[in-house]
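*Asks:* So the sequence shown is residues 857 to 979, counted in this note's numbering.
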Amino acid sequence: MEKFEAIAVVKENYICTLWLARPEKRNAINRQMAAELVSFLASAENDPQIRVVILRGQGDFFCAGGDLKWMSQGDELLPEDRSGDVLAGLYLALYRFPKPLITIVHGAAMGGALGLIACADFV
């Protein structure tokens, strides 16, 4: 299994719990987290040991939305690293994910977190 830093993956009995794992940043989505989520979804799509994915946030927040430090860099970044394009790619990957996606929301869910929630099959 791929090693992740910004997300955590726990598989058990065909259920995969996918954790947003930046509690010290209130699970704010940055470039790394978005890339790891997209990578996980691509591999989980063809994994017969995963029949359903549950998306959760570690700590007291589900997700504070986009990481403002990353998002404020704007034009300084290459186009493929800019927050708008990266988040659009993440939401598209979530929306197209062919297996049931359940989002468990606790604590705050702000800004870009609503995109994660909107792409889920069940909340």
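Just so it is clear, CB atoms sit at the ideal spot from N, CA and C, and this is done for glycine as well.
What distance in whole Å lies between the Cβ atoms of PRO879 and GLN914, which are believed to be in contact at a cut-off of 8 Å?
*Replies:* Confirmed, about 4 Å.
*Asks:* Three or more C-beta pairs under 8 Å: does that hold for the region 924-932 against the region 899-912?
*Replies:* Touching, no.
*Asks:* Are there 16 or more other CB atoms within 10 angstroms of the CB of ILE885, so buried, or fewer, so exposed?
*Replies:* ILE885 should be labelled buried.
*Asks:* Could you give the distance in angstroms between the alpha-carbon of MET889 and the alpha-carbon of LEU911?
*Replies:* Whole-angstrom Cα-Cα distance: 13 Å.
*Asks:* Confirm, please, whether the CB-CB distance from SER939 to GLY922 is below 8 Å.
*Replies:* In contact: GLY922 and SER939 (Cβ atoms closer than 8 Å).
*Asks:* Which residues in the same chain as LYS881 place their Cβ atom closer than 8 Å to its Cβ, once the five residues preceding and following it in sequence are excluded?
*Replies:* The answer, listed in chain order, is ALA920 and ASP923.
*Asks:* Note down the Cα distance separating ALA969 from GLN905, rounded to an integer number of angstroms.
*Replies:* ALA969 and GLN905: Cα-Cα distance of roughly 27 Å.
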